[in-house]
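In the working numbering, the protein residues as written are 1 to 105.
The beta carbon of each residue, even a glycine, is placed where N, CA and C say it ideally should be.
Written out below as structure tokens is the structure these notes cover.
This is the structure we're talking about:
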């Protein structure tokens, strides 16, 4: 059994990522900011993986698994987000982890 960190993110496609920031930043800059924030989050997590049995799962919207793994690395577990509101999607992600025997998320 391992621990799981579940990251919800979106493929950084201009016009579809950080849409509320588009009026201030523009579509390209908003998508780039989203890309930077996701990459920064994953960089902060990597040291934890050296000291504990932690698997990072990226539950994504937009794009596809190949695009996500090309962007973030083939070693990352990438899972498309299911339909539903954020609470539903989070509940499904947690349930999937617990169904696989994960002890902590």
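Who are residue i's beta bridge partners in DSSP?
i, result
"residue 54", "3"
Look up residue i in the DSSP assignment and say whether it is helix, strand or coil.
i, result
"residue 104", "strand"
"residue 91", "helix"
"residue 43", "helix"
"residue 49", "helix"
Can you list, in chain order, the residues of its chain whose CB lies under 6 Å from that of residue i, leaving out five sequence neighbours each side?
i, result
"residue 92", "82"
"residue 8", "59"
Kindly indicate which residue of the options has the alpha-carbon position closest to the one of residue i.
i, options, result
"residue 31", "71, 13, 56, 75", "13"
"residue 36", "74, 5, 78, 11", "11"
"residue 78", "57, 27, 2", "57"
Near residue i, which residues of its chain fall below 8 Å by C-beta distance, leaving aside the five closest residues on each side in sequence?
i, result
"residue 88", "82"
Among the residues of its own chain, which have a CB less than 7 Å from the CB of residue i, if the five just before and after it don't count?
i, result
"residue 41", "7"
Under a CB-based cut-off of 7 Å, is residue i close to chain C?
i, result
"residue 13", "No chain C is present in this structure, which holds just one protein chain."
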